[in-house]
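The next block holds one structure in the form of structure tokens; read it before the comments.
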Amino acid sequence: MLLGRTTLSKFLIEQLRGTEDQADLAALLVDVTAAIKTIASMTAKGALGGYLGSLGTENVQGETQKKLDVLSNDAVIQSCEWGGLVAGMASEELDEPYQLPRAFERGAYLLVFDPLDGSSNIDVNVSVGTIFSVLRFGRLGEPTVTDFLRPGVEQVAAGYAIYGPSTMMVLTVGKGTHGFTLDREIGNFILTHPDLRIAEDTGEFAINASNERFWEPPVQRYVAECKAGRTGDRGRDFNMRWIASMVADVHRILMRGGIFMYPKDTKEPAKPGRLRLLYEANPIAFVVEQAGGVASTGRGRILDLQPESLHQRVPVMLGARHEIERLERYHREYDSGSDKPFASPLFKDRSLYSAEGRA
Ligand code: AHG
Ligand code: MN
Ligand code: MN
Numbered sequence: 597m598l599l600g601r602t603t604l605s606k607f608l609i610e611q612l613r614g615t616e617d618q619a620d621l622a623a624l625l626v627d628v629t630a631a632i633k634t635i636a637s638m639t640a641k642g643a644l645g646g647y648l649g650s651l652g653t654e655n656v657q658g659e660t661q662k663k664l665d666v667l668s669n670d671a672v673i674q675s676c677e678w679g680g681l682v683a684g685m686a687s688e689e690l691d692e693p694y695q696l697p698r699a700f701e702r703g704a705y706l707l708v709f710d711p712l713d714g715s716s717n718i719d720v721n722v723s724v725g726t727i728f729s730v731l732r733f734g735r736l737g738e739p740t741v742t743d744f745l746r747p748g749v750e751q752v753a754a755g756y757a758i759y760g761p762s763t764m765m766v767l768t769v770g771k772g773t774h775g776f777t778l779d780r781e782i783g784n785f786i787l788t789h790p791d792l793r794i795a796e797d798t799g800e801f802a803i804n805a806s807n808e809r810f811w812e813p814p815v816q817r818y819v820a821e822c823k824a825g826r827t828g829d830r831g832r833d834f835n836m837r838w839i840a841s842m843v844a845d846v847h848r849i850l851m852r853g854g855i856f857m858y859p860k861d862t863k864e865p866a867k868p869g870r871l872r873l874l875y876e877a878n879p880i881a882f883v884v885e886q887a888g889g890v891a892s893t894g895r896g897r898i899l900d901l902q903p904e905s906l907h908q909r910v911p912v913m914l915g916a917r918h919e920i921e922r923l924e925r926y927h928r929e930y931d932s933g934s935d936k937p938f939a940s941p942l943f944k945d946r947s948l949y950s951a952e953g954r955a
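In the numbering used here, the protein residues as written are 597 to 955.
See the structure below:
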């Protein structure tokens, strides 16, 4: 059983053979996995390692940093800065791109990451993750913020790690989406879930329903119809899940189908969504598309967006093709004013949503 398995390094070397990225991209992704093993060890030790709790500091988004947010950020930087493979790195936890020490050689790639996703779940021992995205730098010199502002279609690799009952890594280099499980005794990620596919249809959705009154009408319509189940327009029952770690919610979708939504809401009107484009939405969208799913803002493909700032937020809806296409249709119908009134009591009063958003 221990012999003949496909390790992550072997898999990457085979997938990238003959491409312009063959040597360096595999090496960079192996460096990323070194960080992931460190983070896996810290999250597994939990309170025994003194890793739980907050630091009392805030990141650029005004969020209180947990100890593990910062330690995970350091783990990725330390694993990836020295090898001459990256030209620069940007992270959720750093206001500006990381300044690579002068002593280290510069490489061909930019690494963008969310070192610990779902950090509100750390202290309650619920699955968290790490999300990463690799872009080509494409020029000489030191990268500036503008160099990182590239649409998701330009990613050459992306993926995530999930620290759950087992630690897994799911990634794509543009040739399908593949899952690996960490064998802790040996210290290798082993290919366990080749060629993951997301079914086009589903009966399961994930959303933070406490924000319902802040959503736009097309999302309210979609969720109201799911909740009405077989007694409503959809004529069938739906199930709901919400883990509050995007990585864990997306992983469930890759394993058994479904959709995930973190739509735009009016809770904090200045923020067009909760999730960040460069290091949450784009890498996850790449993974989802490569598994046959769809990743949308509700009004367009996430991977086509031209980023405007490093920590920019976007609405995110992803997973089963037919359901995301339905959500996009509800947005179109709402924007054009051709949507019909709904059976849900929420929608009896059209004035609820007629004044807003239809300029
Ligand atoms: P992070 O911990 O990196 O800031 O990301 C948390 C994100 C995402 O993982 C999750 O889907 C969402 O925030 C949870 O939001 P709620 O607090 O609204 O449940
Ligand atoms: Mn996150
Ligand atoms: Mn995070």
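Every residue, glycine too, gets a C-beta built ideally from N, C-alpha and C.
- Asp713 has its Cβ nearer than 7 angstroms to a heavy atom of ligand 2.
- Counting of Cβ neighbours within 10 angstroms places Arg832 among the exposed residues, the total staying below 16.
- Proximity to Ala671 across Asp627, Glu701, Gly645 peaks at Asp627, based on C-alpha coordinates.
- In the structure shown, Lys823 adopts helical secondary structure according to DSSP, grouped into three states.
- Excluding the 5 residues flanking it on each side, Ile898 has same chain C-beta neighbours closer than 8 angstroms at Gly748, Leu873, Ala877, Asn878, Ala881, Ala891, Ser892, Val910, Val912, Leu914, in chain order.
- Look at Asp710: its beta carbon is less than 7 angstroms from one of the heavy atoms in ligand 3.
- In the DSSP annotation of this structure, the continuous segment of the alpha helix (DSSP H) that includes Met638 starts and ends at 620 to 641.
- By the CB criterion at 8 angstroms, Val769 and Leu612 fall inside the cutoff.
- Annotation for Ala671: the continuous alpha helix (DSSP H) segment containing it runs 663 to 676.
- For Pro790, same chain residues with a beta-carbon under 6 angstroms away, outside a window of 5 residues either side, are His774 in chain order.
- Ranked by Cα distance from Ala623, the options Arg826, Thr788, Gly679, Leu712 are led by Gly679.
- In the three-state reduction of the DSSP assignment, Phe728 falls in the strand class.
- Between Ile920 and Ala844, the C-beta gap is not smaller than 8 angstroms, which leaves the two residues out of contact.
- For Thr742, the enclosing alpha helix (DSSP H) starts and ends at 741 to 744.
- Using a C-beta cut-off of 8 angstroms, the region 725 to 735 makes contact with the region 702 to 715, since at least three inter-stretch Cβ pairs fall below that distance.
- When beta bridges are read from the DSSP output, Ala753 appears opposite Val730.
- Bridge partners of Gly775 according to DSSP: Val766, His789.
- Between the C-alpha atoms of Asp617 and Phe785 there is a straight-line separation of about 21 angstroms.
- By the neighbour-count criterion, in which a residue is buried when 16 or more other Cβ atoms sit within 10 angstroms of its Cβ, His918 is exposed.
- In this structure, Glu688 has its beta carbon less than 7 angstroms from a heavy atom of ligand 3.
- Cβ-Cβ separation between Ile635 and Tyr875: approximately 15 angstroms, too far for a contact (criterion under 8 angstroms).
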